[in-house]
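Numbering (this note's numbering), first residue to last: 23 to 306.
Just so it is clear, CB atoms sit at the ideal spot from N, CA and C, and this is done for glycine as well.
Note that this is a predicted model, so its numbers are computed, not measured.
Report on one structure; see the data block that follows.
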Amino acid sequence: MRTRFLRYALSKLPFRSHLRLLPVVALALLLAGCGSDDEDGGGAAASGSDTAASAETPAAAVETDTNSASISGTITFNGDAPEMAVLDMAADPICDEKNQENPRRRQVLVLGEGQAIANVMVQIKGTSLPDMDHDMPDMVVEFDQGGCQYSPHVFALRVGQTLKILNPDGTLHNVHAFAKVNAEFNEAMPQFRTELEKVFDKAEPTPFAVKCDVHPWMNAWAAVFDHPYFAVTGEDGTFTISGLPAGTYELEIWHERLPAQTVSVTVGIGEKATVDAEMEVPSS
């Protein structure tokens, strides 16, 4: 703007006046150019300030899943573990034949490495349970009688979830569930009946026995829950219960022969609590 004004002013002066004013004009143009650079520089500085201000502005807080806490641990056996007896299946030639090469043992106490205990049911109990609705899992729970032994030996499922019972042995089995809250049932499964489905419509968190009246060595334990906060340990003795809101929970650790334990544990949002426990045969 200032440069255009100077050019206009010069155009109105006589030629000789131009010569006398050249040094002045040159200085004015130089200053005008510097002013232009200052303005550009000022703009860049302002842009930099805006960037700095933007960087200092906190980003929107990341939403934390309020049901992100979990409890996990390992259950081990303390003491000298008794060896489980080999099952005598001679009463049924088909069962006996299936177990000649790898005889089955009783499943009362199944230990893994480091005396880790399998078949321990861990659940959150009582008033500490989160008061919320839970989606029904699509997964079908399978209960297999292959080799004339129930598998899994301890299992749990949700109210309304399908239990598929399998009989691949080509011999007569039966499944007798000694439920107390749900209806007790006793279903025969001859060799031609290879599948059977059952659904429990009530919560029954106290494990109940499942037995075969044809083969007395076949037994298992089951429980039914109206929530997802339970787990059964595998041969490594570990369990995980996840999807918990922050809170204090009563955790029950159950085994079919060893005394049950109850542990209180507190977890915050997103925290992972660890509860390791030892179980042992009572002294008397």
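If we call anything under 9 Å between Cβ atoms a contact, is residue i one with residue j?
i    : j    : result
Q213 : D248 : no
H198 : C170 : no
P250 : R180 : yes
N189 : L218 : yes
Q183 : P152 : no
S90  : Y271 : no
F261 : V144 : yes
D298 : I93  : no
Out of curiosity, what's the CA-to-CA distance linking residue i and residue j?
i    : j    : result
P304 : G101 : 10 Å
V246 : C234 : 20 Å
G95  : K294 : 10 Å
D157 : H175 : 26 Å
E206 : L131 : 26 Å
L185 : E119 : 28 Å
T288 : K224 : 29 Å
G136 : E105 : 15 Å
A112 : R215 : 23 Å
I308 : N124 : Outside the shown range of the chain, which is 23 to 306, sits residue 308, and nothing can be said about it.
G168 : V162 : 18 Å
K220 : L133 : 30 Å
V232 : A103 : 25 Å
To the nearest whole angstrom, what separates the beta carbons of residue i and residue j, a pair I think is in contact under 8 Å?
i    : j    : result
I146 : F99  : In fact, because the Cβ distance is near 23 Å, the residues do not count as touching under 8 Å.
I116 : T193 : 4 Å
F252 : F230 : Going by Cβ atoms, the distance from F252 to F230 rounds to 15 Å, so no, they are not a contact pair.
T88  : I291 : 6 Å
Relative to the C-alpha of residue i, which candidate in the options has its C-alpha closest?
i    : options                   : result
L273 : S286, A205, E123 and K202 : S286
E302 : T296, Q283 and M158       : Q283
N204 : T260, P238, A244 and M111 : A244
T255 : A178, V162, S92 and F165  : A178
H277 : Q167, D118, E300 and G269 : E300
D258 : N141, I93 and M106        : N141
W187 : A253, A201 and F165       : Note that residue 187 corresponds to Ile in the displayed sequence, not to Trp. Closest option to I187, Cα to Cα, is F165.
D110 : F200, P238, V162 and M154 : P238
V236 : P125, M211, R128 and P281 : M211
D155 : T296, E209, R279 and G265 : G265
Y172 : F222, R128, G134 and P281 : R128
For a cutoff of 9 Å on Cβ pairs, would you count residue i as touching chain C?
i    : result
L185 : Protein chains in the displayed structure number just one, and chain C is not present.
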